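A short write-up of the structure that comes next.
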């Protein structure tokens, strides 16, 4: 794929041939203890995202510390590349917010010559072409670290600066759409969180069809209104030998799509009480993600594995799905002591949680309101995914 007005071969080079600087900084002596509330920005690897800076936890250093690292002072449009740890290969451009700042030893500064547009290089590093070369330097396929000579040796093909600029501007447009879409989603999530807390703390009340406030909420244990069903102990020796989908802790996502299930199958067929269907929700009962909740989205059935729970009620199930996502419930299960190193909660632990519960009609209204926000979030996430796929397609086809 190429813009029609451009002709000619792309020139094959290395980053070393196209850069006037490839180097990183240092962490100040004393580490985090020398960070300030303001001053010169100090960019760490967690601040470098995939094509953008993440500045919500940016650190700062004072003038004296900055002057000791003057050689790593950031200039506008410098390319930043993470060179160690799990985030190795992430790249972003220096913007006006961090100009005049510094980087630590985990972030490399690449400053380009005039014949290489920095935004073009940043996108190249994020493309499959760049990432494959970064991967090739890692021993045994483990992303451990990059040194400056390896970075300089990365091969890149470049067109004229005019074509580079046009390619980079198109990719930047997609990146801006991704950023805007991400902000929309974060705002909706904040709205959902705020409304949920206000509803379950009774600061907001719903009214019936005649405009009257519903009856008072009653303090109940969850076990009074829910049947909490633990999972079945499947035999691991029979995994991947049948057609029954098995939802394990690792399969619990906010939305679980049975039509696109990529987990384990079993030849065992347990009792139907272990079945989950569309609109059921499940919860992890142990491990690092204990308390995590996922909702079954589409048609079909699956069975829950041990240490996964699902819920039944004669009231409004969606209401209780919303209830177990509020901070009060999360704080409650986090406070439950456990005898093992791995966090665990039981059916009884969940059932003993006390909450004020409205009547079924108000439950239904609350569930409908909050699920509308959930649906909007999922719609916006689908748009974000489409933008991300579009960017990956362009990275794969505009760069060679």
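In the numbering used here, the protein residues as written are 50 to 449.
For every residue, glycine included, the Cβ atom is placed at its ideal position computed from N, Cα and C.
From a predicted model like this one, the values you see are computed outputs, not experimental measurements.
- About 7 Å separates the beta carbon of residue 281 from that of residue 353, a gap short enough to meet the 8 Å contact definition.
- Rounded to the nearest angstrom, the Cβ distance from residue 152 to residue 100 is 17 Å, too far for a contact under 8 Å.
- Taking the C-beta atoms as reference points, residue 372 is found no nearer than 7 Å to residue 356.
- Under the 10 Å beta carbon count, residue 185 is surrounded by fewer than 16 other beta carbons and is classified as exposed.
- Residue 262: not part of any alpha helix (DSSP H); DSSP gives it neither H nor E.
- Bounds of the beta strand (DSSP E) holding residue 314 are 313-315.
- When secondary structure is reduced to three states using DSSP, residue 340 falls in the coil class, being assigned neither helix nor strand.
- Boundaries for residue 171: no beta strand (DSSP E) harbours it, while the alpha helix (DSSP H) harbouring it runs 167-175, taken from the DSSP string.
- Note that the segment 86-101 does not touch the segment 52-72; fewer than 3 beta-carbon pairs, one per stretch, sit closer than 8 Å.
- Per DSSP, the unbroken beta strand (DSSP E) holding residue 161 starts and ends at 156-161.
- Annotation: residue 226 to residue 436 spans about 7 Å, alpha carbon to alpha carbon.
- Distance from the Cα of residue 312 is smallest, within the candidate group 351, 327 and 342, for 351.
- In the displayed model, residue 95 falls within a helix according to three-state DSSP.
- Counted as a single uninterrupted DSSP element, the stretch harbouring residue 272 is not any beta strand (DSSP E) but the alpha helix (DSSP H) occupying residues 271-274.
- Less than 7 Å separates the beta-carbon of residue 344 from that of residue 330.
- Relative to the Cα of residue 129, the nearest Cα in the group 161, 231, 417 and 346 belongs to 161.
- With contact defined as three or more Cβ pairs closer than 8 Å, the segment 169-184 and the segment 201-221 are in contact.
- Residue pairing by DSSP puts residue 194 in a beta bridge opposite 133.
- Looking only at 250, 383 and 158, the smallest Cα-Cα distance to residue 415 is reached by 250.
- Between residue 148 and residue 125, the C-beta spacing is below 7 Å.
- Separation of residue 258 and residue 243 (C-alpha to C-alpha, rounded to the nearest whole angstrom) is 25 Å.
- By alpha-carbon distance to residue 56, the top candidate from 375, 211 and 409 is 211.
- For the set 410, 183 and 180, the Cα lying nearest the Cα of residue 261 is the one of 410.
- Under the DSSP assignment, residue 63 falls in the beta strand (DSSP E) whose first and last residues are 60-63.
- For residue 221, the secondary structure class from DSSP, reduced to helix, strand or coil, is helix.
- Inclusion of residue 233 and residue 429 in the CB contact set at 7 Å is warranted, their separation being smaller than that value.
- When beta bridges are read from the DSSP output, residue 361 appears opposite 276.
- Straight-line measurement puts the Cα of residue 346 at about 25 Å from the Cα of residue 290.
- The residue from 197, 77 and 445 with its alpha-carbon nearest to that of residue 133 is 197.
- In the structure shown, residue 377 falls within a helical segment according to DSSP collapsed to helix, strand and coil.
- Ranked by Cα distance from residue 78, the options 54, 111 and 325 are led by 111.
- Under the 10 Å beta carbon count, residue 93 is surrounded by 16 or more other beta carbons and is classified as buried.
- In the three-state DSSP reduction, residue 164 falls in the coil class, being neither helix nor strand.
- If you check the CB distance, residue 175 and residue 140 come in under 7 Å.
- Residue pairing by DSSP places residue 72 opposite 158 in a beta bridge.
- Per DSSP, the continuous beta strand (DSSP E) segment holding residue 293 begins and ends at 288-296.
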